[in-house]
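Numbering (the working numbering), first residue to last: 97 to 594. Worksheet for the structure shown next.
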């Protein structure tokens with residue numbers, strides 16, 4: 097293959113997360129046929145695609161998708177009108193069963209590459225699907241922008257392959273009708289007001305994001321509008337004379353006009369036809385240059401800044417930025433599987449009370465910790481995000497659990513200060529996996545069994561190699577699909593000392 101050259105071929109398979117593998121046959125000058133492999137992202141098995149080779153490194157080729165010439169025989173059509181343009185979903189044109197097969201094959205291939213020659217026997221269970229295939233997400237971060245340069249205001253997801261263009265996704269299929277109603281109501285309101293969105297290149301503008309969270313069990317909804325503090329761009333529309341010489345008076349006028357604007361938007365939301373109950377409406381100010389949803393200041397426009405969700409009989413208080421699995425019903429499958437893998441922790445005290453200490457590392461809002469509490473003497477959760485730790489403490493109190501301790505800090509540093517040693521360890525790290533030095537400290541505890549929950553299987557197998565080198569073996573592995581139609585998948589691995 098040559099860089100800059102265009103080729104057409106069939107996608108043989110898709111490797112994690114979305115790497116379509118295309119085999120191209122080329123001939124050398126002497127007529128020898130050579131089969132070469134190229135990675136073309138965002139493709140599906142069986143598709144005939146045209147692509148341009150844009151990277152060649154050490155004999156490995158990567159191509160940019162130009163056109164899908166023929167659909168895969170597996171495709172049955174997408175129920176979402178935004179598919180192919182929106183960058184959110186990858187597999188929604190496939191039957192759900194075919195998507196599960198792809199993900200299961202990806203996990204199996206990664207594990208085989210990791211374990212072959214190092215370990216013979218382990219159980220790879222059938223992948224577990226999500227109880228809800230559509231309308232399953234309990235959190236969405238929509239962006240304000242335009243779909244084409246200088247086009248009308250849009251609110252939705254980034255266009256596939258684009259950092260700047262935003263596609264309005266008023267018919268998105270992975271959220272329920274309440275999300276779609278809130279999105280459409282908000283977009284129509286701010287279109288009418290003709291307000292500017294925050295330009296990521298120029299760092300100018302007012303509207304940034306719309307954050308919506310909704311509990312699957314309680315139906316409570318939390319809505320947050322994220323803006324900058326750059327009010328000058330719409331001051332004249334509010335009747336403010338920006339030539340005002342009194343800076344303090346000008347600032348007060350800006351704030352009063354903004355209050356009126358946000359009050360009007362709030363009333364539009366509350367008047368919308370929603371099946372759920374609005375628990376809170378917030379205004380978040382964010383002047384960060386990074387394209388992330390964060391808060392410099394948060395004001396409550398209505399209700400409160402949290403809502404409640406329920407999982408496996410436990411109740412959880414979730415605030416604006418609390419980490420929580422984005423698929424509530426799928427999370428129950430995930431956590432029930434973790435609980436089943438743990439089973440009986442072993443011997444108890446003579447009076448029958450548990451005597452084991454459990455570490456829940458990268459504990460988030462403490463969901464796993466609280467599920468472990470009834471069978472442990474003590475559960476110690478460690479999480480770097482302070483807000484999540486505070487939420488975990490409140491949730492444990494909410495569920496009348498007195499044997500959970502949550503520590504805010506980096507796992508790498510915190511482990512040195514915990515006096516009680518673990519009998520069992522549960523790991524649920526972020527996508528990039530575990531820091532190598534933290535991994536060594538975890539292994540040095542020498543626990544007989546541990547569980548690794550991963551949202552990125554490539555990070556999992558990288559860390560598994562270290563566990564294998566240090567005397568552990570993989571007993572059981574299962575993939576749990578928390579993210580239907582996307583390229584992501586959760587994986588649970590049970591490890592034990594050889």
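Glycine included, each C-beta is placed from N, C-alpha and C at the ideal position.
Kindly indicate which three-state DSSP category residue i falls into: helix, strand or coil?
i: residue 177; result: coil
i: residue 203; result: helix
i: residue 183; result: coil
i: residue 196; result: helix
i: residue 315; result: coil
i: residue 560; result: helix
i: residue 456; result: strand
i: residue 578; result: coil
i: residue 566; result: coil
i: residue 355; result: helix
i: residue 97; result: coil
i: residue 528; result: coil
i: residue 365; result: helix
i: residue 286; result: helix
i: residue 387; result: coil
i: residue 466; result: helix
i: residue 103; result: strand
i: residue 540; result: helix
i: residue 234; result: coil
i: residue 380; result: strand
i: residue 438; result: helix
i: residue 393; result: strand
i: residue 514; result: coil
Counting C-beta neighbours from all protein chains within 10 Å, is the total for residue i 16 or more, i.e. buried, or is it exposed?
i: residue 224; result: buried
i: residue 255; result: buried
i: residue 476; result: buried
i: residue 122; result: exposed
i: residue 159; result: buried
i: residue 311; result: buried
i: residue 213; result: exposed
i: residue 521; result: buried
i: residue 345; result: exposed
Across which residues does DSSP place residue i in a beta bridge pair?
i: residue 299; result: In DSSP, residue 299 forms no bridge with anything.
i: residue 134; result: 118 and 157
i: residue 263; result: 253
i: residue 403; result: 414
i: residue 450; result: 444
i: residue 241; result: 250
i: residue 548; result: 523 and 589
i: residue 504; result: 479
i: residue 293; result: 303
Measure the alpha-carbon distance for residue i versus residue j and round it to whole angstroms.
i: residue 575; j: residue 239; result: 31 Å
i: residue 299; j: residue 503; result: 37 Å
i: residue 531; j: residue 110; result: 28 Å
i: residue 270; j: residue 284; result: 21 Å
i: residue 125; j: residue 535; result: 51 Å
i: residue 105; j: residue 119; result: 7 Å
i: residue 383; j: residue 432; result: 40 Å
i: residue 488; j: residue 204; result: 34 Å
i: residue 458; j: residue 479; result: 5 Å
i: residue 129; j: residue 321; result: 58 Å
i: residue 364; j: residue 226; result: 34 Å
i: residue 350; j: residue 294; result: 18 Å
i: residue 549; j: residue 352; result: 48 Å
i: residue 215; j: residue 221; result: 17 Å
i: residue 303; j: residue 421; result: 27 Å
i: residue 472; j: residue 523; result: 16 Å
i: residue 563; j: residue 209; result: 15 Å
i: residue 324; j: residue 171; result: 42 Å
Which one of the options has the shortest CA to CA distance from residue i?
i: residue 245; options: 252, 260 and 572; result: 260
i: residue 141; options: 183, 197 and 263; result: 197
i: residue 501; options: 508, 486, 512 and 509; result: 486
i: residue 585; options: 554, 591, 136 and 566; result: 554
i: residue 115; options: 582, 349 and 587; result: 582
i: residue 102; options: 149, 136, 121 and 108; result: 149
i: residue 415; options: 212, 100, 234 and 361; result: 234
i: residue 99; options: 139, 107 and 152; result: 152
i: residue 201; options: 113, 568 and 447; result: 113
i: residue 419; options: 592, 217, 399 and 491; result: 491
i: residue 387; options: 547, 366, 579 and 241; result: 241
i: residue 482; options: 498, 495 and 462; result: 462
i: residue 510; options: 558, 455 and 529; result: 455
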